[in-house]
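Going down the list, the protein sequences come from chains Z and P.
Per this note's numbering, the first sequence starts with residue 1, numbered consecutively.
Per this note's numbering, the second sequence starts with residue 1001, numbered consecutively.
Report on the structure given below.
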Amino acid sequence: MAPSDATLVERLPTDDSGDELRELYRRYSAELFGFACNALGDRELAEEVVQDVFARAWRHAADYDARRASVRTWLYTIARNRIVDARRRASVRPGLAPDTEPETQGEIDRALEDAVLRWQVAAALARLSPEHREVIRLAHYGGLSLREISERKGIPLGTVKSRTSYALRTLRLIMDEMEVRA
Amino acid sequence: MSGCPTHGTLVGGYVLRSLEPGEMEEMRRHVDECPHCGPDARALDPLPRLLDTIEPDDVPPPTVSPAIEELVLDRFARERGRQRRARKPRFSLPRVPRLAGLAAACVVAAVLAVVLLAEDEQAPRAYASARLAPVSGSSPAVATAWADDVPAGTRVRLRARGLPVREGMMYELWCVRPDGHWVSGGTFRAGGNGKAEAVLTAAVRPGDYHVMVVTRHTARGAKGDHGPALLRGRLRY
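Put into structure tokens, the structure is as follows:
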């Protein structure tokens, strides 16, 4: 049986092989990267954040308290702090400075929550089958009616209707599983 | 499905407002009364708003480069190695009477501290590192650079793989300053397997530059000709 997230973190301080860290990385790097990418809008900076998150995770693994937060929350908290730092650094570098006024803490928090949400929604959609994703794309983003989708794709209208309903229910289940908060 | 035998397949289209006007009106009345479609539609109702938070192009979400895992584990291995060196005694003490042993241990500890500190002084200590990614999306090349502060400027330890291998081909490492000035760190070649390990020195100081570039080395022509860029990365201080 695969070790729990908390077990992996507990083993990090004595892990000389790197196996525990590698496993933790494989479980969380994708979503942390998506989160950082969304928050920073820069792949390179997001990759730096991901590296920093795991570096801090192993350095401070002994401080992790499973009673206070899940590993996921703990890693996101680290990522959030690194993102705030990265944004501050970016704002003092010529050419990378945003055109806006400095952000307040509340604005930063909201921006980060939005970034998590965007990543989660995109990741949930990516988990749908291509057929399910396509009907949602055409109907919601393309603004087509189900009849128009049926005509455009040459699929019986009844199939498009049931596929759309299945697609949304599956998406709902995936989002529930990911604890997406609307 | 919602369990409703007559309107269950319409719930998705209703939630997305993608039914024909007549069907929409019919469903509006139906969900108010149907014990199956009503809860189903309410559960799906937040989805359009959530879908509005992203652009269709955001799917699939961006994925992290496989090279980052390598960098994370490499950093971990280097730090663990330093910790082990700092912890591990170099030899074991022979059995001696207790006080004499204690005194000897103090001497050994002092000597070890001096040795380890001296060793640490000599060990490369990177003040910054960079992951260099391909400038062209189709290239498999990737490199990692660690920058150390030395009297002559910055010593860069570069490890690259996936470099194109052609006879006589040389590569050049550059540190790019914010004012657009490129400072060469020197040239290197890749092995037959496309891998390269090089230690180069550039006449720049920490903070002088934020970007490193690897180019294909060419005979210098016009001023500012650096050769075609293959890899590029931003420094992490």
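Every residue, glycine too, gets a C-beta built ideally from N, C-alpha and C.
Take residue i and list the residues in its own chain whose beta-carbon comes closer than 7 Å to its own, dropping the five residues that flank it on each side.
i	result
residue 75 of chain Z	28, 32, 53, 57
residue 1226 of chain P	1174, 1182, 1215
residue 1185 of chain P	1156, 1173, 1174, 1175, 1200, 1201, 1202
residue 1114 of chain P	Below a pLDDT of 50, predicted positions are generally treated as unreliable, and residue 1114 of chain P, at 49, falls in that range; no measurement from the model is reported.
residue 1163 of chain P	1141, 1171, 1190, 1194, 1196
residue 1118 of chain P	The predicted position of residue 1118 of chain P is uncertain, since its pLDDT is 45 and thus under 50; a value taken from the coordinates is nonetheless stated next. For residue 1118 of chain P, where only same-chain residues beyond five positions count, there are no Cβ hits under 7 Å.
residue 1234 of chain P	1130, 1210, 1211
Can residue i and residue j be called in contact, C-beta distance under 8 Å?
i	j	result
residue 1071 of chain P	residue 1131 of chain P	yes
residue 1170 of chain P	residue 1187 of chain P	yes
residue 1196 of chain P	residue 1160 of chain P	yes
residue 1018 of chain P	residue 139 of chain Z	yes
residue 188 of chain Z	residue 1053 of chain P	Residue 188 of chain Z lies beyond the stretch modelled for chain Z, which goes from 1 to 182, so this question has no answer here.
residue 171 of chain Z	residue 160 of chain Z	no
Closer than 6 Å by C-beta to residue i: which residues in its own chain qualify, once you throw out the five before and the five after it? Chain order, please.
i	result
residue 24 of chain Z	8
residue 13 of chain Z	61, 62
residue 1022 of chain P	none
Would you kindly report the start and end of the unbroken beta strand (DSSP E) that includes residue i?
i	result
residue 1003 of chain P	Note, residue 1003 of chain P: premise wrong, no beta strand (DSSP E); not H, not E.
residue 1229 of chain P	1229-1236
residue 1201 of chain P	1196-1202
residue 1172 of chain P	1171-1176
Where does residue i sit, in a helix, a strand or coil, going by DSSP?
i	result
residue 82 of chain Z	helix
residue 41 of chain Z	coil
residue 1212 of chain P	strand
residue 1190 of chain P	coil
residue 141 of chain Z	helix
residue 1184 of chain P	strand
Just to make sure I have the definition right: I need the residues of chain P whose C-beta is within less than 9 Å of the C-beta of residue i. Which are they?
i	result
residue 153 of chain Z	Going along chain P, no residue has its Cβ under 9 Å from residue 153 of chain Z, so there is no contact; the nearest lies around 14 Å.
residue 34 of chain Z	1061, 1062, 1063, 1064
residue 158 of chain Z	1009
residue 74 of chain Z	Ordered by position in chain P, no residue passes the 9 Å Cβ test against residue 74 of chain Z, which lies about 17 Å from the chain.
residue 29 of chain Z	1064, 1068, 1069, 1072
Quick one: list the residues of chain P neighbouring residue i, beta-carbon separation under 7 Å, in chain order.
i	result
residue 77 of chain Z	In chain order: nothing, as chain P lies at least about 18 Å away.
residue 190 of chain Z	With chain Z represented from 1 up to 182, any question about residue 190 of chain Z goes unanswered, as that position is not in the structure.
residue 18 of chain Z	1073, 1076, 1077
residue 162 of chain Z	1009
residue 25 of chain Z	1069, 1072
Taking residue i as the query, report the chain P residues whose CB atoms sit under 8 Å from its CB, ordered along the chain.
i	result
residue 22 of chain Z	1069, 1073
residue 71 of chain Z	Under the 8 Å cutoff, chain P gives no residues; its nearest Cβ is about 16 Å from residue 71 of chain Z.
residue 49 of chain Z	Those within 8 Å of residue 49 of chain Z in chain P number zero; the least Cβ separation is about 10 Å.
residue 10 of chain Z	None at all; the shortest Cβ gap to chain P is about 16 Å.
Between residue i and chain A, is the shortest Cβ-Cβ distance under 8 Å, so that the two count as touching?
i	result
residue 1173 of chain P	In the structure shown, chain A cannot be found, because the protein chains are Z and P.
Give the interface partners of residue i over in chain Z, defined as CB-CB distance under 8 Å, in chain order.
i	result
residue 1048 of chain P	140
Start and end of the alpha helix (DSSP H) containing residue i?
i	result
residue 1011 of chain P	1011-1015
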